[in-house]
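Visitor: Mind the numbering: the sequence shown is residues 359 to 457 in my numbering, read in order. What follows is a structure written as structure tokens; I'll ask about it next.
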Amino acid sequence: MDLTYQGCQRHIDAKIRLMLVRGCSIADIMVIEKVSKYKVLNVLAKSNCEIKPTQNAYQKLQIDEFWTYVGHKKNKIWLIYAYDPDSGEIWLLYGGNAI
């Protein structure tokens, strides 16, 4: 099925989460994926999911953090994540008001 609004595509939520974790801004995601700001914010707000690693051990993990605004500048949140650079698998994701 060919949907005209990209926010309705099946794969878009996972792609938006990946772009957020990789440091793309909400505005960039809106332009690149042709979705509304509310779609990106909705995915961010609902991404309170449990991440299950596919391996028991990793050679190395990289940890990074960034902050962004949600809705308005008074609502600043931090996102911290760890990922395996070889596979790109996200191992840990934390989001909150402070570190």
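Think of the CB as a built atom: it goes at the ideal place given N, C-alpha and C, for glycine as much as any other residue.
Please identify the residue among Ala403, Asp442, Asp371, Ile370 whose C-alpha is closest to the C-alpha of Trp436.
Guide: Ala403
Visitor: Under the DSSP definition of a beta bridge, which residues are partnered with Gln413?
Guide: Per DSSP, none; premise fails for Gln413.
Visitor: Name the two residues that bound the continuous alpha helix (DSSP H) containing Asn433.
Guide: Looking at the DSSP string, Asn433 is not in any alpha helix (DSSP H); the run it does join, the beta strand (DSSP E), is 430–441.
Visitor: What's the C-alpha gap between Lys434 and Asp386?
Guide: In a straight line, the C-alpha of Lys434 is about 18 Å away from that of Asp386.
Visitor: Would you report the Cα separation of Cys382 and Lys392, rounded to the nearest angstrom?
Guide: The alpha-carbon of Cys382 is positioned some 14 Å away from that of Lys392.
Visitor: Count the other C-beta atoms from every protein chain shown that fall within 10 angstroms of the C-beta of Lys395, then say buried if there are 16 or more, exposed otherwise.
Guide: exposed
Visitor: Rounded to whole angstroms, what's the CA-CA distance from Gly446 to Arg380? Just pull it up for me.
Guide: 10 Å
Visitor: Determine the closest residue to Ile448 out of Thr412, Lys432, Trp425, Gly454, with distance taken between C-alpha atoms.
Guide: Here the closest residue by C-alpha is Thr412.
Visitor: Measuring straight from C-alpha to C-alpha, what distance separates Asn414 and Pro443?
Guide: 16 Å
Visitor: Please go through the same chain and pick out, in chain order, the residues whose beta-carbon is closer than 7 Å to the beta-carbon of Val428, but skip the five residues on each side of it.
Guide: Leu399, Leu402, Ile435
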